[in-house]
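Asker: The structure follows.
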Amino acid sequence: MNKILPLTLAAACFFALNVHAEFRQFELTIEEVDLEVAPGFSPKVWAFNGQVPAPLMRVKEGDEIEVTVFNNTTLTHTIHWHGIYQTGTWQMDGVPEVTQPAIEPGDSFVYRFVANKTGSLWYHCHVNTAEHIDLRGMWGALIVDPKEPTELEKEVTKEAVLFFSSWDSSVAYTYGENAVPGRELDYFSINGKSHPYNQPLRVKEGDVLRMRLYAPTSPVAFHLHGHDVLITHKDGTALPHPYWADVVPIQPGERYDIIVRMNNPGIWMVHDHIEENTTAGGKEMGGTMMVVEYEGIEKPDFYMWKDVEFEPDFYMSESLAKPHGLHDIEVFKGVDPTLERRPRTSSGHGH
Ligand SMILES: [Cu+2]
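So the mapping is simple: the numbering used here equals the position in the sequence shown, first residue as 1, plus 10.
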């Protein structure tokens, strides 16, 4: 009796700890599509489920994840789950010729791992990353919610995900070219769109806004006007001492979570203080810029986005409010060039 009891207790404790863990099965395809970053500039991308950024994958700490990846493209790929510790599952780390052979065109691969690190993680291809990450849009958010959120996290009323990225039009139209060293980045985007073809982020006074900032490809100096932001997480990990900032520098691969108390009604610019990133095709007033709009503010006639067709999920806010799972986001879908020849005039296309 006294030998069995501790074992039973241990099993009971294990069960109690894991009672909320779930087994989640997802499928991802990789597709060759054209992504309209700006009118007249639609680079060829490898898009997870046809989308850039990739679908939002949101799970809970401890969940067992199984992802089947189908490679429907002409070159090889893998997926690296950036941040996941892969304890006991290093073969699932997604590095070609280190942990697995790359997934050949027409083939598939099944990744299985436990979501054992929390916060704003991401997933990306690990084949020829200078091209596949930097220029072909192979990145998406993997958000792992902690079992025990911080007091600050519990206050959040609205969430947003921002992926900053850059593009090189000189190699944008040919898969397999990436022109490094010597690349010339000439388009910059938030969630795959160059300003003003992205969207305003709409908030209400009193909102506690959490923004998850991702810089998969090139450095960013994020600045929101009119507010200080509280940096609460670095690369997924909650900081013991969150700190205030009005510029958030982000190096490639880094993630910062910030919390903003929306207490200053107005229409406020968000932009990258690396000034060359706020250009598009060599012209200013493009690239990594957007605005935060408070509800109830009357929009002046000169306001460039006065009558913009609003897409509420552009910063994933609607998908972030859904239950855990893999969320496709329609607005991020590219165009399959074999299905649709768009009648756009090619002036300014640069190739
Ligand atoms: Cu790839």
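Note that beta-carbon positions come from the ideal geometry of N, C-alpha and C, so glycine has one too.
On the CB-based measure, 16 or more other CB atoms within 10 Å of its CB, does T348 come out buried or exposed?
Answerer: On the sequence shown, position 338 is the one that residue 348 refers to. Counting Cβ neighbours within 10 Å, T348 comes out exposed, since fewer than 16 surround it.
Asker: Rounded C-beta distance between A170 and L234? I'm assuming under 8 Å.
Answerer: One-based indexing of the sequence shown puts residue 170 at position 160. One-based indexing of the sequence shown puts residue 234 at position 224. Contact flag wrong, Cβ pair sits at about 11 Å.
Asker: Thinking C-beta only, is E46 closer than 8 Å to T86?
Answerer: Translated into positions along the sequence shown, residue 86 becomes position 76. Translated into positions along the sequence shown, residue 46 becomes position 36. No.
Asker: Just to check my reading of the structure: A248 and T167 have Cβ atoms closer than 8 Å, yes? What is that Cβ distance to the nearest angstrom?
Answerer: For the purposes of this step, residue 248 is identified with residue 238 of the sequence shown, where counting begins at 1. For the purposes of this step, residue 167 is identified with residue 157 of the sequence shown, where counting begins at 1. The Cβ separation is near 19 Å, so there is no contact.
Asker: Taking just the CA atoms, how far does K157 sit from I14?
Answerer: Counted from its first residue, the sequence shown places residue 14 at position 4. Counted from its first residue, the sequence shown places residue 157 at position 147. Unreliable placement is indicated for I14, whose pLDDT of 45 sits below 50; no coordinate value is reported for it.
Asker: From W100 to I277, what does the alpha carbon distance come to, in whole angstroms?
Answerer: Sequence index remark: in the sequence shown, residue 100 carries index 90 (1-based). Sequence index remark: in the sequence shown, residue 277 carries index 267 (1-based). Roughly 47 Å separates the two Cα atoms.
Asker: Please specify which runs of the alpha helix (DSSP H), each continuous and at least 4 residues long, are wholly inside the segment 119 to 189, giving them in chain order.
Answerer: Qualifying alpha helix (DSSP H) stretches, in chain order: 139 to 142 and 161 to 165.
Asker: Please check the pair K70 and D155, which I expect to be a contact at CB under 8 Å, by giving their CB distance rounded to whole angstroms.
Answerer: Mapped onto the sequence shown, residue 70 falls at position 60. Mapped onto the sequence shown, residue 155 falls at position 145. That pair is a contact at about 5 Å.
Asker: May I ask you to check if the CB of M148 is nearer than 7 Å to at least one heavy atom of ligand 1?
Answerer: Locating residue 148 in the sequence shown gives position 138, where the first residue counts as 1. Indeed, a heavy atom of ligand 1 lies less than 7 Å from the Cβ.
Asker: Does DSSP put T288 in a helix, in a strand, or in coil?
Answerer: One-based indexing of the sequence shown puts residue 288 at position 278. DSSP places T288 in helix when its eight states are reduced to three.
Asker: Count the other C-beta atoms from every protein chain shown that fall within 10 angstroms of the C-beta of V218, then say buried if there are 16 or more, exposed otherwise.
Answerer: Indexing the sequence shown from 1 puts residue 218 at position 208. It counts as buried.
Asker: My output table needs one value for M102: the three-state DSSP class, helix, strand or coil.
Answerer: Along the sequence shown, read from residue 1 onward, the residue named residue 102 stands at position 92. In the structure shown, M102 sits in a helix (DSSP, three-state: H, G or I).
Asker: Check whether the Cβ atoms of I143 and P229 sit closer than 8 Å, and answer yes or no.
Answerer: Residue numbering aside, residue 143 sits at position 133 when the sequence shown is read from its first letter. Residue numbering aside, residue 229 sits at position 219 when the sequence shown is read from its first letter. For I143 and P229, no; Cβs fall outside 8 Å.
Asker: Cα-Cα, which of D117, F232, G72 and T39 is closest to T97?
Answerer: Position 87 of the sequence shown, counting from 1, holds the residue named residue 97. The residue with the shortest Cα to Cα distance from T97 is G72.
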